[in-house]
Amino acid sequence: MAVIVEHEGRLIGDLMVKVQDAYAQREVAEGAKGTEAEIGWVVDPAHHGQGFATEAIEALFRICFDGLGLRRVIAICFTANEPSWRLMERLGMRREAHHVKDSLHREHGWQDGYVYALLAEEWRAR
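The opening position of the sequence shown corresponds to residue -4 in this note's numbering, with each subsequent residue numbered one higher.
Set out below in structure tokens:
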């Protein structure tokens, strides 16, 4: 699923939701189907720092947890992308992993990545 972000009639960003199965043992795999999602976003640099990403991702959480009934959402970023990981932390996501040189950047080659996550009950308890 893709969601666009508009401001004053102009496209300034987009977000994606990729619903997936959680890890599970074979005997209980059916209960893990379609229970989590990976989310991602891009916002035009001219609109950074204006709250558009925060507002859009909060709406995306509502879609994931309230609309789709998911139990867990993850997001991944390059470790050097401090604005993204700080945003995830401000939104209540927790850093769960630091992967070493697992993500290929178009200009900088293989880079480290962070994985953040948020559970539905954590979102609702905010």
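Yeah, the Cβ is synthetic: ideal placement off N, Cα and C, and Gly gets one too.
In the DSSP assignment, the alpha helix (DSSP H) including residue i goes from what residue to what residue?
i          : result
residue 25 : Where residue 25 is concerned, there is no enclosing alpha helix (DSSP H), given that its DSSP letter is neither H nor E.
residue 73 : Element bounds for residue 73: not the alpha helix (DSSP H) but the beta strand (DSSP E), 67 to 73.
residue 82 : 77 to 85
Under 8 Å between the Cβ atoms of residue i and residue j?
i           : j           : result
residue 86  : residue 53  : yes
residue 4   : residue 37  : no
residue 72  : residue 12  : no
residue 31  : residue 15  : yes
residue 110 : residue 51  : no
residue 67  : residue 114 : yes
residue 122 : residue -2  : The chain is shown only over -4 to 121; residue 122 falls outside these bounds and no answer can be derived.
residue 70  : residue 34  : yes
residue 120 : residue 88  : no
residue 43  : residue 78  : yes
Name the one or two DSSP bridge partners that residue i has.
i           : result
residue 36  : 10
residue 106 : 98
residue 90  : 111
residue 31  : 15 and 67
If you follow the beta strand (DSSP E) that residue i is in, where does it begin and where does it stop?
i          : result
residue 3  : No beta strand (DSSP E) contains residue 3, which DSSP labels as neither H nor E.
residue 57 : No beta strand (DSSP E) contains residue 57, which is instead part of the alpha helix (DSSP H) from 47 to 57.
Could you check how far apart the C-beta atoms of residue i and residue j are, in whole angstroms? I think they sit under 8 Å.
i           : j          : result
residue 107 : residue 74 : 4 Å
residue 47  : residue 94 : Incorrect: roughly 28 Å between the Cβ atoms, too far for contact.
residue 27  : residue 17 : 4 Å
Within the present structure, is the beta-carbon of residue i separated from the nearest heavy atom of the ligand GDP by less than 7 Å?
i           : result
residue 115 : In the structure shown, the ligand GDP is absent, as is every other ligand, since no ligand is present at all.
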